[in-house]
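In the numbering used here, the protein residues as written are 1 to 506.
Just so it is clear, CB atoms sit at the ideal spot from N, CA and C, and this is done for glycine as well.
All remarks here apply to the structure that follows.
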């Protein structure tokens with residue numbers, strides 16, 4: 001453990017960074033901590049440069065900054081993942097360790113570049129941090145891009161409107177640069193002119209982002225395309241696992257759907273993830289009940305349930321669309337494509353092996369069907385697929401006008417996780433200029449418009465029906481057309497920075 005030891009003076013900075021990091025995200029979602037949460041990281045790097053072994057010091061600093069920060073931010077996983085699988089504790093450890101490995105690399109490479117090649121932390125650190133976020137989203141079976149730095153600003157949509165050009169990763173880059181600039185301003189506070197330049201640059205950046213956002217909020221034309229009702233049945237975790245209760249759950253949710261159509265005339269009713277416990281195709285009574293409701297009211301029902309492939313014995317987390325004629329097979333079934341590591345699929349381990357531990361998990365779907373109701377087209381994202389920007393963007397490029405996100409966050413309990421989960425949808429809405437309708441079994445359910453403004457949100461653990469109007473924007477955003485160009489550029493630039501430093505040393 002000596003290799004992971006740090007001087008006592010580093011720990012206050014690590015703890016301060018973890019606290020600010022937590023305050024920047026839901027449920028606190030404060031503005032100022034977003035601009036300060038990486039300031040302690042920069043100070044750690046500057047302090048570490050005076051060590052006899054600076055590279056080792058920076059690596060250990062990055063490790064503990066990531067472990068403590070992510071451990072605190074993801075505290076909810078400790079008490080909730082155990083409900084899903086006996087492998088749950090591994091899920092929490094894997095999340096924290098994986099994210100800490102990325103911060104370790106960022107600290108180590110940033111410190112090395114700054115000290116050995118004289119490159120400024122103002123340039124190096126934001127680029128490497130952004131590149132690390134990109135890599136987190138592309139880590140194969142272990143990818144987990146939960147709460148990128150840019151997502152911390154989704155509580156203030158006006159500032160984040162620039163995401164329709166630069167995406168979430170672009171917001172991360174700018175925000176990380178602001179953090180470094182403020183850290184340098186404090187370090188050089190005796191040189192008032194230098195400190196003023198750093199602070200002035202941050203203030204100017206905020207004003208420009210705010211001005212752009214204000215213009216977009218007043219100039220973007222939103223056209224209503226559909227009325228949607230989302231259901232929040234609030235079925236408990238234990239009830240869903242109790243076979244004797246499953247019929248009651250389906251009946252109760254169907255009655256909630258009937259209530260939604262008696263209150264208004266929605267074009268679509270959305271049931272949450274696994275609203276129908278078990279396999280829908282194997283329960284004729286459930287299918288006929290939902291089909292009869294859709295047919296009698298001429299209102300399509302999007303229903304979350306499991307789906308299976310008899311030939312391969314594969315199991316899928318899926319969504320079925322019952323059209324206005326009550327048909328559930330007229331449109332392709334959507335099968336979740338991005339599975340939660342450990343809880344839905346154990347990485348790198350065949351399902352057959354996991355069967356011996358009663359944890360076969362799910363298989364990943366391949367297709368992304370686009371559905372249409374009343375002339376409006378939409379795509380489906382199940383649960384944590386909302387944190388992947390490429391999935392929402394692909395729907396927009398196919399012509400989707402809004403996204404439906406179905407989820408079951410009941411296992412999170414009354415923690416910050418449901419609110420953290422929802423924050424990603426604000427970013428997806430702004431990036432692609434699409435509305436979002438969200439149905440969560442136990443909350444939070446509601447709507448986000450193409451400007452990232454949330455409305456009609458429910459409380460946690462209440463039974464509710466929420467009606468909302470989803471709007472569309474005629475123009476496809478620059479981000480939707482070009483993709484995550486900031487993230488890929490950050491990766492490429494990071495490689496160039498390292499290559500240049502190595503060339504100079506040789």
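Item                                                                                                                                                                                         : Value
On the DSSP letters alone, give me the boundaries of the alpha helix (DSSP H) that residue 496 sits inside.                                                                                  : 485-505
What does the alpha-carbon distance come out to for the pair residue 417 and residue 271?                                                                                                    : 21 Å
Closer than 8 Å by C-beta to residue 98: which residues in its own chain qualify, once you throw out the five before and the five after it? Chain order, please.                             : 136, 139, 142 and 144
What first and last residue would you give for the alpha helix (DSSP H) that runs through residue 432?                                                                                       : 417-432
So, helix, strand or coil for residue 220, using DSSP?                                                                                                                                       : coil
Take residue 107 as the anchor and find which of 324, 319, 60 and 425 has the nearest alpha-carbon.                                                                                          : 60
What did DSSP end up calling residue 307 once you bin it into helix, strand or coil?                                                                                                         : strand
What three-state label does DSSP hand residue 114 in the structure shown?                                                                                                                    : helix
Tell me whether residue 526 sits in a helix, a strand or coil according to DSSP, three-state version.                                                                                        : A question about residue 526 goes unanswered here, because the residues of the chain that appear run from 1 up to 506.
Cα separation between residue 294 and residue 279?                                                                                                                                           : 19 Å
Kindly indicate which residue of 58, 39, 27 and 41 has the alpha-carbon position closest to the one of residue 3.                                                                            : 58
When DSSP builds the beta bridges, which residues end up paired with residue 468?                                                                                                            : 228
Cα separation between residue 358 and residue 111?                                                                                                                                           : A caution first: residue 358 carries a pLDDT of 47, below 50, which makes its placement in the model unreliable, though a value can still be read off. Taking the straight line joining both Cα atoms gives about 46 Å.
Is the stretch 372-381 touching the stretch 397-407, taking contact as three or more C-beta pairs under 8 Å?                                                                                 : yes
I'd like to check one pair, residue 160 with residue 509: are the Cβ atoms closer than 9 Å?                                                                                                  : The question about residue 509 has no answer here: the residues shown for the chain are numbered 1 through 506.
Going by the CB atoms, is the gap between residue 258 and residue 441 shorter than 9 Å?                                                                                                      : no
What's the C-alpha gap between residue 467 and residue 165?                                                                                                                                  : 30 Å
For residue 168, write down the residues that DSSP places opposite it in a beta bridge.                                                                                                      : Residue 168 is not bridged to any residue.
When you compare only the Cα positions, how much space is there between residue 151 and residue 287?                                                                                         : 39 Å
I want to know whether the stretch 434-451 touches the stretch 409-423 - three or more CB-CB distances under 8 Å.                                                                            : yes
Using the Cβ count rule (16 or more neighbours within 10 Å means buried), how would you classify residue 255?                                                                                : exposed
Using DSSP bridges, identify the partner residues of residue 23.                                                                                                                             : Paired residues: none, contrary to the question.
Just the Cα atoms here: how many angstroms apart are residue 9 and residue 70?                                                                                                               : 21 Å
Can you tell me the Cα-Cα spacing of residue 395 and residue 228, whole angstroms?                                                                                                           : 18 Å
Consult DSSP for residue 452 and reduce its assignment to one of helix, strand or coil.                                                                                                      : coil
Taking C-beta to C-beta, are residue 386 and residue 434 nearer than 9 Å?                                                                                                                    : no
Opposite residue 341 in the DSSP bridges: which residues?                                                                                                                                    : 345
Roughly how many whole angstroms lie between the Cα atoms of residue 508 and residue 341?                                                                                                    : Given that the chain is displayed from residue 1 to residue 506, the structure contains no residue 508 and the question cannot be resolved.
Could you give the residue range of the alpha helix (DSSP H) that holds residue 35?                                                                                                          : Looking at the DSSP string, residue 35 is not in any alpha helix (DSSP H), and its letter there is neither H nor E.
Is residue 36 closer than 9 Å to residue 20 when the C-beta atoms are compared?                                                                                                              : yes
Grab me the residues of residue 146's own chain with a C-beta within less than 7 Å of its C-beta, minus the 5 sequence neighbours each way, in chain order.                                  : 387
Alpha carbons only, please: which of 465, 55 and 479 is nearest the one belonging to residue 261?                                                                                            : 465
Give every residue of the same chain whose Cβ lies closer than 6 Å to the Cβ of residue 496, excluding the five residues on either side of it in the sequence, and list them in chain order. : none
Any chance the stretch 365-376 sits against the stretch 218-232, with 3 or more Cβ pairs inside 8 Å?                                                                                         : yes
Runs of 4 residues minimum, wholly inside the stretch 130-198: which ones carry the alpha helix (DSSP H) assignment?                                                                         : 157-160 and 163-187
What does DSSP give as the partner residues of residue 398 in its beta bridges?                                                                                                              : Note: residue 398 sits in no beta bridge, so no partner.
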